[in-house]
């Protein structure tokens, strides 16, 4: 009788592992569609939309900030002066964030989670404070709304919606972390970005090129240090970062903080300024060559910035997953989880 009972338990364990687990996985896929799409679909989901302004906007942002970022700073640290010193204000915010990590994350969550509840599972699941903000950005929850809110600015200004106000503290904190967290290295190598732009945006690039003017990107701009990882769209940007060592807008390598590590992502902060070197192509596909603008160095704040060579960007631990097929990697992880689950239940059965 005892043997029959044990046999019944074994059968139940097999059913639970191979049937119930499969049903649970199906349910999880329905809740989180990102878990059930191919690598190609992921890349389509992460299409980059353009948000470009002429060079006059750079001075306006410097003097007045960006409405979304300003609102976020005010909600997180109301004593910081913004007018005429947006970049200094962002650095002041980072100093406060570093000293009050738990309080600041809870504050961001208070604004963000009611409007974007799925973000709760990413922002509060990663223990490292800075990494949690970057991982959340790459996990897609709120990503589209965040960059749309920034692109919808009329240069520095925007009438903020309720959703914008919910995103603002997170946006300000992310910008501060991206620009001032010492653990994030920058790169002087070429970065690549696929995007979909309108005819009006294309004319902005062409006019800036013909007049030797700069352009400004209003949103967080995702790029890759690997050409083959550039996103699809009707234009590819090839960005020369040779000046990044002294630029406040230097792109940071976020590969080891990203949900999509294989993309070898280099992320630019809002308000980044570029020179337009060349615009080529036809109505189906364009190539635009940019050079990150080298702003005049200011008084050093005591932080030593880390910069890495193009080779380091692709060969080091920051982007080593770039050459690995992510689909295969996910399958390996799935089987590892399944094997561990089987072993765990088998051991429990033996002990029982």
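Numbering (mature numbering (1 follows the signal peptide of the UniProt record, and there is no 0)), first residue to last: -22 to -1, 1 to 330.
All C-beta atoms in this analysis are idealised placements derived from N, C-alpha and C, irrespective of residue type, glycine included.
Asked	Found
Residue 147 and residue 89 look like a contact to me (Cβ under 8 Å); what is the Cβ gap, rounded to whole Å?	5 Å
Anyone know if the C-beta pair for residue 60 and residue 51 falls short of 8 Å?	yes
Under 8 Å: do the stretch 225 to 233 and the stretch 247 to 256 share three or more Cβ pairs, one atom per stretch?	yes
Compare the Cα-Cα distances from residue 272 to each of 236, 266 and 223 and report the closest residue.	223
Could you give the first and the last residue of the continuous alpha helix (DSSP H) run that contains residue 34?	34 to 42
Going by C-alpha to C-alpha distance, which of 164, 183 and 174 sits closest to residue 211?	174
Given a cut-off of 8 Å, decide if residue 242 and residue 202 are closer than it, judged by their beta-carbon atoms.	yes
Give me whichever residues DSSP pairs with residue 269 in a beta bridge.	218 and 253
Using 10 angstroms around the beta-carbon of residue 206, count the other beta-carbons present and answer buried if the total reaches 16, otherwise exposed.	exposed
What residue range does the alpha helix (DSSP H) around residue 45 cover?	45 to 54
Whose C-beta lies closer than 8 Å to the C-beta of residue 255 among residues of the same chain, with five residues either side of it excluded?	187, 218, 267, 268 and 269
To the nearest angstrom, how far is the alpha carbon of residue 132 from that of residue 237?	31 Å
Would you mind stating whether residue 138 and residue 49 have Cβ atoms separated by less than 8 Å?	yes
Which same chain residues end up closer than 7 Å to residue 411 when comparing Cβ atoms and leaving out the 5 residues on each side of it in sequence?	Residue 411 lies beyond the stretch modelled for the chain, which goes from -22 to 330, so this question has no answer here.
Exposed or buried, which one is residue 264 when buried takes at least 16 other CB atoms within 10 Å?	buried
Would you say residue 155 faces chain D, with C-beta separation under 8 Å as the test?	In the structure shown, chain D cannot be found, because there is only a single protein chain.
Determine the burial state of residue 166: buried for a count of at least 16 other Cβ atoms within 10 Å of its Cβ, exposed for fewer.	buried
In the DSSP assignment, find the unbroken beta strand (DSSP E) run with residue 171 in it and report its ends.	169 to 173
Do residue 104 and residue 98 have their C-beta atoms within less than 8 Å of each other?	no
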